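Trainee: For reference, the structure I am asking about is given below.
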Amino acid sequence: MALLDRLPRHLFSQRGWGLLAAGTVSLLAAQIMGRRDLLSLSILLIVLPLVSLAGIRLVKPKFQVYREFNPSPVETSAATTVRLAVARTGPVTGRAIMEERLPPRFGESPAFRFPARSATGGTSRYEYHLRSSQRGQFLIGPVTAEFTDPFGLSLHRQAIDDGETLTVTPAAVELPVTGLAGARGSDGVTATRIRANPSDDDVMTREYRHGDPMRRVHWAATARHGALMVRQEESVTTPEATIILDQRFAAFAGGPGTGFGGNTGMDGHEMVTSDTFEWAVVAAISISAHLAERNYALRLLDAAGEPAFLRSPSAPEPQTEEYQGTGGLQSIAESLAAIQLSGPHHGHHGQHGRKEAAPRSPAHPGPDRRDSSGAARDHAGGQDSGPALFDDLLMDKLSAHRMRGPIIAVLGRLSLAEATALAPAAGYGANSFAIIVAERPSDFHDELEALRRGGWRAAAVSPSVPVPAAWSHFDQGGAALDAAAADVRRGAGVAR
Numbered sequence: 013m014a015l016l017d018r019l020p021r022h023l024f025s026q027r028g029w030g031l032l033a034a035g036t037v038s039l040l041a042a043q044i045m046g047r048r049d050l051l052s053l054s055i056l057l058i059v060l061p062l063v064s065l066a067g068i069r070l071v072k073p074k075f076q077v078y079r080e081f082n083p084s085p086v087e088t089s090a091a092t093t094v095r096l097a098v099a100r101t102g103p104v105t106g107r108a109i110m111e112e113r114l115p116p117r118f119g120e121s122p123a124f125r126f127p128a129r130s131a132t133g134g135t136s137r138y139e140y141h142l143r144s145s146q147r148g149q150f151l152i153g154p155v156t157a158e159f160t161d162p163f164g165l166s167l168h169r170q171a172i173d174d175g176e177t178l179t180v181t182p183a184a185v186e187l188p189v190t191g192l193a194g195a196r197g198s199d200g201v202t203a204t205r206i207r208a209n210p211s212d213d214d215v216m217t218r219e220y221r222h223g224d225p226m227r228r229v230h231w232a233a234t235a236r237h238g239a240l241m242v243r244q245e246e247s248v249t250t251p252e253a254t255i256i257l258d259q260r261f262a263a264f265a266g267g268p269g270t271g272f273g274g275n276t277g278m279d280g281h282e283m284v285t286s287d288t289f290e291w292a293v294v295a296a297i298s299i300s301a302h303l304a305e306r307n308y309a310l311r312l313l314d315a316a317g318e319p320a321f322l323r324s325p326s327a328p329e330p331q332t333e334e335y336q337g338t339g340g341l342q343s344i345a346e347s348l349a350a351i352q353l354s355g356p357h358h359g360h361h362g363q364h365g366r367k368e369a370a371p372r373s374p375a376h377p378g379p380d381r382r383d384s385s386g387a388a389r390d391h392a393g394g395q396d397s398g399p400a401l402f403d404d405l406l407m408d409k410l411s412a413h414r415m416r417g418p419i420i421a422v423l424g425r426l427s428l429a430e431a432t433a434l435a436p437a438a439g440y441g442a443n444s445f446a447i448i449v450a451e452r453p454s455d456f457h458d459e460l461e462a463l464r465r466g467g468w469r470a471a472a473v474s475p476s477v478p479v480p481a482a483w484s485h486f487d488q489g490g491a492a493l494d495a496a497a498a499d500v501r502r503g504a505g506v507a508r
């Protein structure tokens, strides 16, 4: 048996290898002993496995596979149920052992026999559960089937479908209610003077025009003006919130967790991300959910003013930047599932696809390491391809929606020049909030002051600070944030 275990597993079964071995021994015995009956037996023993091997490869069984995820997409750390239905569409050729190929992060691939004992109508159904602690898009499948001939002599393995993509979205955390909405109120409604349905408490009047329905006549105003007056009502509309999500490689990369293993994309390579960027992604979906629940329409942009999900492989509509309602929030979550860092340093990977940290040298210091002039972070944060950062494109888009709601910027490492360029954008929002997430937030005092002078309410946090604590900072003057990050602040001067 030990010898049989060393032979190729997907060519013949142990029974098939046993017949071949017996046939070989019989052939040698027939030659030595000169026995024709042994020769006939040896030929039969050798030919039978070979014929079965040829037959199982020429007559390949055909299958249809239906795979369903519930729920789909699924949030991180939540379980999704995978339901498989496998039906044979070709000729019946015996049983098969099937296996669902899974990415390594999901553990051992499930195996099952076809047909199942509970198969009905020629279709076998199977069910198992998956859970991922990290966001991304993962190829589930294909189903591989190992067939055997009716005599159980030969084996053949092949994929019977192409697999399907499971999208794992970041999970939003609940944020405390704050005064972020300002004068517009925390319920997400604001008055706008446009025509709408009649209302007793929001009424404007104008002179009667031919064709106006008599039910809209405002008799009190008619008596006051001495002319027929009709209602032109004031309505409430949905306010808007703009979220700027920084995605620059230079702003987030280089710290612990950059390009961490196991979080692979659809192409098998690791997503380019970091602990700080993962914090920013969770903050983005949490803020979006918080505002969407309060009836805000959302607009998401990147640091250059382009649609935030323009480069996200999981985005249903990459060119879209405006979202509203439950469907819009779902699109945001899906778009954030596979978003990764982009920029000129993207693509410098090690031999196995892992991002290699830039060498620490005078010309390129490590992350958050600054000298007296601040040139280190100017170098790390100021290199990006495409449209200029915090420049005309972003300002034009913010200006087009001036004062329609708050602006929230979730940023990575920021140079003083970039903070100065972003500062005037605060004037376009009813309220403007900026969060800088970095391993050493105490290094960004000057940048925060530049933003505050421009009108931003700004804070710098470590990825160890909970997102709700950072959010509460804007209402509590930093008390909640300082309490949550006390240990981080005390260790800010220690080299990491």
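Take 13 as the starting number for the sequence shown in our numbering and just add one per residue. Using N, Cα and C, we set each Cβ at its ideal position, and we do this for glycine too. Computed from a prediction, not measured in an experiment: that's the story for all the values here.
(1) Would the segment 299–315 and the segment 253–260 be scored as touching if the rule is three or more Cβ pairs under 8 angstroms?
(2) Which term fits T132, buried or exposed, when burial requires 16 or more other beta carbons within 10 angstroms of its beta carbon?
(3) Buried or exposed: K409, going by 16 or more other Cβ atoms within 10 Å of its Cβ?
(4) Return the first residue and the last residue of the alpha helix (DSSP H) that G337 is part of.
(5) For R137, which beta-bridge partners are listed by DSSP?
(6) Measure how close the beta-carbons of F289 and F264 come, nearest whole angstrom, since I'm counting them as under 8 angstroms.
(7) At which residues does the beta strand (DSSP E) containing Q331 begin and terminate?
(8) Taking the alpha helix (DSSP H) that V37 belongs to, which residues open and close that run?
(9) Does the segment 52–61 come within contact of the segment 70–81, defined as at least 3 CB pairs closer than 8 angstroms?
(10) Under the criterion of a Cβ to heavy atom distance below 6 angstroms, does A263 qualify as lining the ligand FMN?
(11) Is DSSP giving M407 helix, strand or coil here?
(12) Is it buried or exposed for E282, if we count other Cβ within 10 angstroms and need 16 for buried?
(13) Write down every uninterrupted run of the beta strand (DSSP E) in the segment 450–489 whose length is 3 residues or greater and which is fully enclosed by it, in chain order.
(14) Inspect the beta-carbon positions of A472 and F456 and report whether they are closer than 7 angstroms.
(15) What do you get for G28, buried or exposed, if any count of 16 or more other CB atoms within 10 angstroms of its CB means buried?
(16) Return the first residue and the last residue of the alpha helix (DSSP H) that E290 is part of.
(17) Please state if the CB of Q336 and the CB of V284 are separated by a distance shorter than 7 angstroms.
(18) Does any CB atom of chain D fall closer than 7 angstroms to the CB of L62?
(19) Three-state secondary structure (DSSP) at F445?
(20) Between the Cα of F126 and those of Q146, V37 and T156, spot the shortest distance and give me the residue it belongs to.
(21) Please classify T92: does DSSP put it in a helix, a strand, or coil?
(22) Note down, in chain order, each residue of its chain lying with its Cβ closer than 6 angstroms to the Cβ of Y78, except the 5 sequence neighbours on either side.
(23) Does G223 pass the burial test, meaning 16 or more other C-beta atoms within 10 Å, or should it be called exposed?
(24) Out of curiosity, what's the CA-to-CA distance linking W468 and P480?
(25) For G466, I'd like the list of residues in its chain whose CB is within less than 7 angstroms of its CB, leaving aside the five on either flank, ordered along the chain.
(26) Spell out a yes or no on whether the segment 137–146 and the segment 83–97 are touching, meaning 3 or more CB-CB pairs, one atom from each, closer than 8 angstroms.
(27) Sorted by chain position, which residues of the same chain lie with C-beta nearer than 6 angstroms to S411's C-beta, five sequence neighbours on each side aside?
(28) Compare the C-alpha of Q26 against each of R228, F163, S298 and T181 and name the closest.
(29) Give every residue of the same chain whose Cβ lies closer than 7 angstroms to the Cβ of A296, excluding the five residues on either side of it in the sequence, and list them in chain order.
(30) Please report how far the alpha carbon of Q331 lies from the alpha carbon of P319, in whole angstroms.
(31) Would you identify the three-state DSSP class for I172, choosing helix, strand or coil?
(32) Would A316 and P399 qualify as a contact pair, given that the criterion is a beta-carbon distance under 7 angstroms?
(33) Just checking my contact of R260 with G424 at CB under 8 angstroms: how many whole Å lie between their CB atoms?
(34) Kindly indicate the opening and closing residues of the alpha helix (DSSP H) around L51.
(35) Buried or exposed: where does S444 fall if 16 or more other Cβ atoms within 10 Å of its Cβ makes it buried?
(36) If I follow the unbroken beta strand (DSSP E) through R311, where does it start and stop?
Mentor: With the structure as the only source:
(1) yes
(2) exposed
(3) buried
(4) G337 to A349
(5) A97
(6) 4 angstroms
(7) Unbroken run through Q331: none, as it is neither H nor E.
(8) Q26 to M45
(9) no
(10) By its list of ligands, the structure shown contains no ligand whatsoever, and the ligand FMN lies outside what it can speak to.
(11) helix
(12) buried
(13) 469–473
(14) yes
(15) buried
(16) D287 to A304
(17) no
(18) Any reference to chain D falls outside this structure, which holds one protein chain only.
(19) strand
(20) T156
(21) strand
(22) A97
(23) exposed
(24) 19 angstroms
(25) A435, P436 and A438
(26) yes
(27) Y440
(28) F163
(29) I255, L257, L348 and V422
(30) 6 angstroms
(31) coil
(32) yes
(33) 6 angstroms
(34) R48 to L70
(35) buried
(36) A309 to L313
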